[in-house]
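Here's the structure we're looking at; comments come further down.
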Amino acid sequence: MKMDRRSFLSFVIGGAAGTALSPLPWKVTDDLAIWSQNWSWTPVPEDGEVGYVNTTCSLCPGGCGITVRKVGDRAVKIEGMKGHPVNDGGICILGLAGLQFLYGPSRIASPMRRTGERGENKWQKISWEEAISEVSKKLADLRSKNQSHALACISGYDGGTVPRLFERFLTVYGSANFVRTPAVRDSYELGLYLMQGTQANAGFDVENADYILSFGCGIIEGWGSPVRMFKANSHWKETGVKVTQVEPRLSNTAAKSDQWIPIKPGTEVVLALGLARVIVDESLYRREFIASHTAGFDRFVQNVLKDYPPEQVEKVTGIDKAVVVSLAKTFAAAKKPLAICGRGRGAGSESAGEIMAVYALNALVGNINQKGGVWAIPDPNYIRWPELEMDAQAAAGMQKPRVDGAGSKKYPHIRNLLHRLPEMINSTDASPVQALFVLEANPYYSVSDSAFVRKAWKKIPFIVSFSSFMDETAANADLILPNHVYLERHEDIPGAEGFIKPIIGLAKPVVNPQFDTLHAGDTIIRLAKMMGDPIAKAFPWEDYEACLEETFGDKWEALGEKGYWIDAGFEPSPWNKAFETASKKFEFASDDIGASFQNAVVKAEGEESAYPLLLIPYDSPRISAGRIGNPPFVIKTVADTVIKGKNGFIEVNPKTAIALGLSEGKSAVISTPRGSAKVRIHLFEGIMPGVVAMPTGLGHTAYDSFLAGKGVNINELIGPVEDGSSGLNAAWGIRAKLGKA
Amino acid sequence: MDSALIPKGVNRCPLSELILKLGPVVAVLLWGVVAMFMCWIKGLNQTNMNDSYGFALWIWADLTVIALGGGAFFTGLLRYIIGKDKLKNIINFAVLIGFICYSSALLILAIDIGQPLRGWFIFWHANVHSMLTEVAFCLTCYFMVLTIEYLPLILENRQIDRLPFFHNLSHNMHEIMAVFAATGAFLSFFHQGSLGGVAGVLFGRPFAFREGIFIWPWTFFLFTWSAAACGPCFTIMLLKITERITRKKLVKDDVVDLLAKIAGWMLTTYIIAKIIDTWYWAMVTAPSLGFELTDFYSNNPFYGMWILILEIVVCGIIPSIILISKKGRSNPVSFMTAVVLAVLGACVNRWAMVLQVMAAPVLTFEGWPMYYPSWQEVATTLLPVAYGIILVALSYRYLPVFPQEVELNPVESEDQGGKAKKAALSGAEVSPARA
Amino acid sequence: MKNDQAKKYGMVIDLDKCTGCGACMVACMAENNIPFKEDESNKLDSITWMRVYQLTNGKPYPETDICYIPRPCMHCEGDHGHSPCVSVCPATATDYSQKTGIVSQIYTRCFGCRYCMAACPYHARYFNWWDPVWPNGMEKFLNPSVSPRMRGVVEKCSFCFHRHQLAMNKAFVEGRRELEENEYQTSCAQACPSGAIAFGDLNNPKHTVNQLAQPDNAHGGQPKNPEVFRLLEKLGTNPKVYYVSSREWVRRAGDNYLKNENPGKAH
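Residue numbers (this note's numbering), protein chains in the order written: chain A, 616 to 1356; chain B, 51 to 485; chain C, 350 to 616.
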């Protein structure tokens, strides 16, 4: 067929016109739009029946009740449990993101054995049978060499059946080295023991106090039970309760307080004693309490307070003496004033001197075990298991001193001193710890002076992590026996930090385990059974569930239904019964106490000449700094003046920055006697000149790509500073220098 | 090789030379095409736009090419409606430039939207209250008009014109072109205005917001006005560039002078209106919203008062004065300066009305976000420029764009090779009617 | 019938109580299937329907003060529903409901021109620059009541409108046409541990929001309570999110003022 130009053009134009007039292009256009509305790579959530499960959150010691919304067998949202005595419907930022832990990319899917070097992240999946038998063999080997005391366990908590099972295992195996990670709770326990003679937790009746004097507590940054404190803060706003915040940095708490008193970091104890001195001098204390229920008041006044006249306080703390006097008067004049301490969210211990000075302030105004005051909350003593039968090896092992020195002659009243562990390991040729269990803790990341920790870590031959997540500790372990996450397991959660009633929360499995994990309680029971008697005998339960049910006995069903048990009628002991000291009174002074006060101020490490600045850590409610790293949702909320890309920022007062020739956003190097790190500058008027601050909880190397590598782990820069009298780590910061990068 | 397609009586460079010279332009075009597909396939994360700069380089380019393409409608208006017959000698070129500008604008829009496959929702689910809807409808319609206006020129290609159907079609289209020119002018008035309205109606953005009449903010009129003023200047600028490249005079001076003079008066009146508008906005509108003029031009590293001075004084008042004076127009240097400044003025104005609107913070606790385009944005913005150059080159080569070219550049057949002679002969053969 | 009168859902946020903890942001993300990327530190392409800003009083140490201000979509009423974004959307993908006062967003209708973002002075609108990707397994917590958005469209806070629908369905089944105040609460209001966010019908004098803000409907809902303010009041956007603060500098930070202007007398 001959195609001339004309017919070709007609064909083309006719064809085009014909196609355009046909339904085809319209259909294609429409279909493409419909396709763009249903892209297969944009997920469509599956629908299903909606249900709610009440359980207890254990991401922090807050003890909040949560309600998990489920659609079919998926958990889709965590909300605060309405009517729960601790949080009544409220929930914190971390708790809300809990499902990102459950379904998150850093979950460990099965037991794993390390194949490469530690930290190389090379793993071999193994069966539970194999994993537990490997631990069993190692431990049997150690025990056969009379080295049972070389087993240690670092645990993030010590209340409740799971840690108690671990502790029980260690005891019957022959090791006293069950070490709880530090918290301000250590200091409170010590203070209550020394001054009141009780073994108890501190409770704060914040809802009923009418004036709050906080020595650096991050009241709305995670201190105590966070949601309860948020609620209390709002309650104070509604009822006109005034809050005075003493700290060197304008934290959220300081900003929300009625009065922010900036103070030279580390000198809070001097202010507390200075306030006590004014109260005593002006006879503003509550005589009815001081006269009849305290001992050593005169000694306290003579030996201690003489050193803290307002002029001296002004010199040390930088706070105008008129402010000191008026603050003391305000505090004493309130009906139910409450003084609290524990820097930031209370993730670290404080010196004995500081805690006792604050207790003394509370005692002066008579608010010990009173409405709106500090209460001693006894442990709900519900775990009553059969007596242990110890063999000779176990008994011998238990006789050996603890590796961290807690409870020794040098540190008599202290139960846990994790910060000493690296030093004890590094100071000998053969590590005193030959096998280490890590339960719900991340010491490789969270113990200060990271370089030193890494050195000690290398000397421990066998490390077993029970972590659900690939945290730094798990990544540097030899064997991982992954626990279910809190939403997959039953567990009792006793207590809520700082809460005033004995309470036990119950965590319930909201969903089936997502991976081949095992409840740590079951793991330890199975390990015990595999090791045979006498260890096996100490664990008569078929499994953890049976153990838990037996522990609670007839309370079990009620606990399961309500989700928590509370001693709602609990009242603190009256003054005449409250104190179990030798004098049966509140002790202002004893030999122990005298020693503590004399070493009141804990100095920052480093020489001022080489390190002219002070570096302090700060806690942000938007950065989880505990054993668990920030999930993606929470890291997303972090401001771009805290993290930008991978860079972390350091807060610097503009005055300090100008002196150093640094400006907003500039790169710099922060150096301390313990290490140095690259940071960027964030100018912040709210920080004291000469002081710089960095957030805790950043600089992770493990977890997932949402968290790892962002910012700096402040533990790389700060080391422990031992409180001379108690042995607690009382580091509140470190001397530092800042220079251009 | 392609001599059969070249209009009769004109001289064109060898095809090989054209291909060689257009080579780099084609390279830029391909670069732009690659970037365009990256944006379509991977999404707009290929750009440096963000939630503060939802509108950026592309929307500026869009507004600018449409403003500069305004030469087409305004020259058409003058030629067909007002009856400035002389302008017939430049109307083809103006239409061509307009066609390039508007097709480019549509292409950029197709890249700019996040869901190009749903772009037609703007017609299907149209919200009549949206300035952008008005823009889309008028723009599309006017583009069709421009196509219809450009079509006869294509049909005048020697080879196509040989077909009686196309010849007659072309002839008839010429007859009714006034109708299209009128339609075009009407449509243009609205979409140029709507584009001004796009910014002017943003009552949440004090930098952009203007009062006005009924639904139209003052920017509605200012944009139309400035397009009418600067569009012809752009046409003239491109004409001068084309003349420089081809080393030929293509349009007679009196034609250019007439268009420039009219553009000059448009620019003068525009800039007076613009100054009044700016003054009222700075003194009344902005303060009523809590802003002082300096708030919009300080506390940031880029947007300073210089923009206002550049736009109004340097690119407004100065070219106006030059263009309305005979002396200014007759001096080639001052004339070109004025034309270029007027074009630049439109660019600066559109930049401020798009980018600075995005940048100027409204919430007291936000700062000025800064922006620079990604290479993908630059490439896709240069893509229409390259395409424009190619289309101008091809149109110039094969179509009788400049009616005065033959007269101004008589081909001396003695000096020409056989090819040219043959071309001239064959041209004469088939189009005796052409005058 | 009196009960049929239009609702005007709105929010009152107590900035004295707000601690800046960010729980509202995460509550929103978890409820509304907000995607997340590896790096969210560029806040200009980070989708946060609810964003908490930090304000500072600009004074040097130790006079410095900071305050946090949570910013959801303001659901502007504008002038009779003529909110800045609704009127500009060319494809009617966003609309102002006269029944509830909620500004909706239809993701499948939106074609991503971003004009609404240019129109919104609060930066409450977010564009999906990226395909949303949930790491393997994480799609399990997606809420079926809210459809995940595809790349290339604009999204924003909906006042958890799906919760309104669910509550209305439930009420309807129970033979009611009216919701109790607590039946329809946004995810952020429900979660806020400080109880700083109140949500409800601004037209209903029994609702907390009405009592706190005391909106003057004759004047675009301007608050009569002197401690209550709205962001950028002068623009006439008439937002339905109100803020309470006892601090004068915070209230002043809510709008732009000329140098010598006294905010108290501005309106």
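Don't be surprised by glycine CBs; every beta carbon is placed ideally from N, CA and C.
Own chain, CB closer than 7 Å to L785/A, minus 5 neighbours either side, in chain order | L766, C768, N792 and F793
Tell me whether T945/A sits in a helix, a strand or coil according to DSSP, three-state version.
-> helix
Who are the Cβ neighbours of I56/B in its own chain at under 8 Å, not counting the five residues just before and after it?
-> R62, R208, R447, Y448 and A473
Check the Cβ of W170/B against every Cβ in chain A and list those closer than 7 Å, keeping chain order.
-> T644
Residues of chain B with CB under 8 Å from D480/C, in chain order?
-> G93
With 8 Å set as the bound, which would you pick, yes or no: does the beta-carbon of S849/A sit closer than that to a beta-carbon of chain C?
-> yes
9 Å Cβ cut-off: residues of chain A touching N392/C | Reading off the sequence, residue 392/C comes out as Lys, not Asn. The answer, in chain order, is A1254 and D1255.
When the distance is taken between beta carbons, is G120/B closer than 8 Å to S238/B?
-> yes
Tell me whether P214/B sits in a helix, a strand or coil according to DSSP, three-state version.
-> helix
Can you find a CB in chain C that lies within less than 8 Å of the CB of M1303/A?
-> yes
What residue from N823/A, I649/A and P863/A has the CA that sits closest to P411/C's CA?
-> P863/A
Could you have a look at Q874/A and say whether DSSP puts it in helix, strand or coil?
-> strand
Counting only runs that start and end within the stretch 1120-1144 of chain A, where is the beta strand (DSSP E) found for 3 or more residues in a row?
-> none
Kindly identify the DSSP beta-bridge partner or partners of R728/A.
-> Q739/A and L1094/A
Helix, strand or coil at V1048/A according to DSSP, with G and I counted as helix = coil
Bridge partners - Y1179/A, DSSP secondary structure assignment | G1120/A
Quick one: Cα of I367/B to Cα of L339/B, how far?
-> 29 Å
Sorted by chain position, which residues of the same chain lie with C-beta nearer than 6 Å to R297/B's C-beta, five sequence neighbours on each side aside?
-> none
Are T125/B and P282/B closer than 8 Å when you measure CB to CB?
-> yes
Integer Cβ distance of N539/C from E694/A, believed to fall under 8 Å | Sequence inspection shows Gln at residue 539/C; the Asn mentioned does not correspond to that position. Right, their Cβ atoms sit about 7 Å apart.
Assigned secondary structure, Y445/C (DSSP; H/G/I helix, E/B strand, else coil) = strand
Output the boundary residues of the beta strand (DSSP E) element that contains K857/A.
-> K857 to V861
Starting from the C-beta of A545/C, find all residues in its chain whose C-beta is less than 7 Å away, skip the five residues before and the five after it, and write them out in chain order.
-> I362, D363, K366 and C367
Under 6 Å Cβ to Cβ from S1046/A, same chain only, skipping five residues before and after it: list those, please.
-> I1040, K1074 and I1075
L639/A: buried (16+ other C-beta within 10 angstroms of its C-beta) or exposed?
-> exposed
Can you check DSSP and say which residues form a bridge with C832/A?
-> G959/A
is_contact[E1300/A, chain C] using C-beta, thresh 8 Å = yes
Identify every residue that forms a DSSP beta bridge with Q454/C.
-> T443/C
Less than 8 Å separating the beta-carbons of V721/A and M1085/A?
-> Per the sequence presented here, residue 721/A reads as Ser, with Val not at that position. In this structure, M1085/A lies closer than 8 Å to S721/A by Cβ.
Is the Cβ of A323/B closer than 8 Å to any Cβ of chain C?
-> no
The stretch 938-953 of chain A: which residues have C-beta closer than 8 Å to a C-beta of chain B, in chain order?
-> none
Please go through the same chain and pick out, in chain order, the residues whose beta-carbon is closer than 6 Å to the beta-carbon of I383/C, but skip the five residues on each side of it.
-> I396
What residues match up with N596/A in a beta bridge as DSSP calls it?
-> This structure leaves residue 596/A out entirely; chain A is present only between 616 and 1356.
Closest Cα partner of I326/B within the set A277/B, A106/B and G262/B = G262/B
Thinking just about the alpha-carbon of each residue, which of C377/C, S432/C and C416/C is nearest to the one in V251/B?
-> S432/C
How big is the Cα-Cα spacing for P1335/A and A1071/A?
-> 15 Å
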